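Take any residue in the sequence shown, note its place counting from 1, add 434, and you have its number in the numbering used here.
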Amino acid sequence: MNILVTGALGYIGSNTTIKLIESGYKLYLLDNLHNSSIDTLNKIEKITKKKQTFIEADIRDHNEINNILKKYKIETIFHFAGLKSVKESENSPEKYFEVNFEGSKNLIDGLNLQKIKKKIFIFSSSACVYGNPKKLPYKEDHPLSPENAYGKTKLKVELYLKQTSLSNTNWQAIALRYFNPIGAHSSGFLGDNPLNDTPENLMPYISRVALGKLTHLEIFGSDYDTNDGTPVRDYIHIEDLAEGHLAAFNFLKNKKNDVYEEINLGKGKGYSVLELVETFQKINKINIPYEFSKRRLGDISKYYADVEKSKNLLGWKTKKTLEEMCKSSWEFEKKLKENE
Ligand code: NAD
Ligand code: WQD
Numbered sequence: 435m436n437i438l439v440t441g442a443l444g445y446i447g448s449n450t451t452i453k454l455i456e457s458g459y460k461l462y463l464l465d466n467l468h469n470s471s472i473d474t475l476n477k478i479e480k481i482t483k484k485k486q487t488f489i490e491a492d493i494r495d496h497n498e499i500n501n502i503l504k505k506y507k508i509e510t511i512f513h514f515a516g517l518k519s520v521k522e523s524e525n526s527p528e529k530y531f532e533v534n535f536e537g538s539k540n541l542i543d544g545l546n547l548q549k550i551k552k553k554i555f556i557f558s559s560s561a562c563v564y565g566n567p568k569k570l571p572y573k574e575d576h577p578l579s580p581e582n583a584y585g586k587t588k589l590k591v592e593l594y595l596k597q598t599s600l601s602n603t604n605w606q607a608i609a610l611r612y613f614n615p616i617g618a619h620s621s622g623f624l625g626d627n628p629l630n631d632t633p634e635n636l637m638p639y640i641s642r643v644a645l646g647k648l649t650h651l652e653i654f655g656s657d658y659d660t661n662d663g664t665p666v667r668d669y670i671h672i673e674d675l676a677e678g679h680l681a682a683f684n685f686l687k688n689k690k691n692d693v694y695e696e697i698n699l700g701k702g703k704g705y706s707v708l709e710l711v712e713t714f715q716k717i718n719k720i721n722i723p724y725e726f727s728k729r730r731l732g733d734i735s736k737y738y739a740d741v742e743k744s745k746n747l748l749g750w751k752t753k754k755t756l757e758e759m760c761k762s763s764w765e766f767e768k769k770l771k772e773n774e
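Structure representation (C-alpha cells):
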C-alpha cells in the first residue's frame, strides 16, 4: 500500500509517522519545512532504524502534487500539512485559505484522479470547528460554527472531503477532530517545537519558562465560569493521538464499503490551565512563575470531547495521564536545550 504523509516532519505528523513505520508501513514523507526542520527526518530514521523517502514539496503546488501522487501510485494520504496559528489566521486569512484549504483540495482532487480500488484520506481537523459550545461534551453532531479564520479553513476542508468522498466511488475518508495535543515521543526527540520565540500555545510556553528562556507564564483570565476561574481544555498525549490515527487507518482498511466519518480524538476529560501548571510543577519538580492577565480574545471558557464514537468505531481510547503529558513535554524541552 502506497502511503503519503503530508506535514510529516511536524509535531503530529512525525509522531504518527513513527507509529506507522513501527507497524510495518512503507511511507512517502512530504513537507515544505515551513514549520519544521530536516533534522526531524534524521530523528525519525534514528528512532525507527529505517531510511525514509522524503519529498520536499508544497501542497499548494497543484501540478507537483499531481505528479507526486501519480509517480508514487499513492493510495492513502495522511494529511497533516498546514498552518495552525489562530492569531496569524486572523491577520492573514488569505494565506490560511491558500495553504489549508486549497492545499488540501489539491490532495483530495489528486487522489480522486488516481485509478485505484480504494482511496483512503485521513485529515487533521480540529475541535475548533465546533465553536462556542451549545452542549458539552462536544459530540460529533454538535453544530459547527468556528470562531476564527483557522477554524473556518478546517471546516471548509471537512465539507469538501465529505462532498468528494460521497459523490465519487472507492472513497474512505475520516476527518479527525483533535482536541489539545501536548507531550512528546518517549525517546524525547519528537515534540512541539514552534519556531517562533514566543509560543502561542500553553505547553510550549510553560516549557520555555521552565528552561528560563521566558521569565513567567501569563495566564489569560482568572474569572471564567470554571472551578478555579481558568479555562478548561481536553489535553491529549501526542502518542495517544498518533495511535488514534493508526486505529482510524485500521478501521478504514477493514471496511469493504465507502466511508466518510468525522471523529473526535480527545481524552474526554477537561483540565484547567492552573491544573496543568500545577501538575507540570509537581511531576517535574520545577517552579513555573505565573501571573494572571486579561482574557485572550476569542478563548472559550471550557470544552472537552465526547469520546464514545472513537471508542465504538475505532476501538481506541487514550491511555496516558496528564502527569505523563507534562513529564514528556519537559524531557523533550531539556533534550532540545542539550542539543542547541
Ligand atoms: P506543525 O506545524 O508542527 O506541522 C505541520 C507541518 O506542515 C510542518 O512540518 C510544516 O512545515 C508543514 N507545512 C506547512 N505548510 C505546508 C505546505 N504548504 N506544504 C507542505 N507542508 C507544509 O503542526 P502540527 O501541530 O503537527 O499540526 C498538524 C496538523 O494538525 C495541522 O493541519 C494542524 O492544523 C492540525 N491540528 C493541530 C493541532 C495542534 O494543537 N497541534 C490541533 C488540531 C489540529
Ligand atoms: C490553552 C489554554 C489559553 C497560552 C488552540 C487552537 C485549537 C487547537 C489547539 C489547532 C487557553 C491558555 C495559553 C498562554 C494561557 N489547535 N493560555 N497562557 O487555544 O485551547 O487551542 O490550540 O487546531 O484550534 O485554538 O490552546 O494552548 O493556545 O491554550 O493562559 O501563554 O491556555 O487561554 O485557555 P487553545 P492553547
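Just so it is clear, CB atoms sit at the ideal spot from N, CA and C, and this is done for glycine as well. None of the values given here were measured: they were computed from a predicted structure.
C-alpha gap between residue i and residue j, whole angstroms
i           : j           : result
residue 438 : residue 766 : 27 Å
residue 530 : residue 717 : 37 Å
residue 735 : residue 550 : 46 Å
residue 534 : residue 649 : 34 Å
residue 460 : residue 435 : 8 Å
residue 707 : residue 474 : 29 Å
residue 692 : residue 567 : 31 Å
residue 576 : residue 698 : 11 Å
residue 662 : residue 741 : 25 Å
residue 612 : residue 701 : 10 Å
residue 541 : residue 517 : 16 Å
residue 668 : residue 498 : 37 Å
residue 675 : residue 615 : 7 Å
residue 747 : residue 607 : 14 Å
residue 641 : residue 625 : 11 Å
residue 603 : residue 547 : 11 Å
residue 571 : residue 658 : 18 Å
residue 732 : residue 563 : 13 Å
residue 586 : residue 536 : 13 Å
Supposed contact pair residue j and residue i - C-beta distance, whole angstroms, cut 8 Å
i           : j           : result
residue 673 : residue 466 : Actually they do not touch by this definition, with Cβ atoms about 25 Å apart.
residue 443 : residue 470 : 4 Å
residue 558 : residue 488 : About 19 Å; that fails the 8 Å criterion.
residue 545 : residue 493 : Residue 545 to residue 493, Cβ: 12 Å. No contact.
residue 745 : residue 751 : 5 Å
Selection from the options that minimises the alpha carbon distance to residue i
i           : options               : result
residue 581 : 596, 538 and 527      : 527
residue 523 : 634, 758 and 749      : 634
residue 617 : 770, 644 and 760      : 760
residue 592 : 610, 601 and 477      : 610
residue 711 : 644, 485, 462 and 447 : 644
residue 441 : 479, 468 and 774      : 468
Residues that residue i bridges to, as DSSP identifies them
i           : result
residue 671 : 616
residue 440 : 464 and 513
Counting only runs of 3+ residues fully inside the region 484-537, write out the beta strand (DSSP E) ranges in chain order.
487-490 and 510-513
Unbroken stretches of the beta strand (DSSP E), 3 residues or longer, contained in the region 714-744:
724-727
Which runs of the alpha helix (DSSP H), 4 residues or longer, sit entirely within the region 602-648?
636-645
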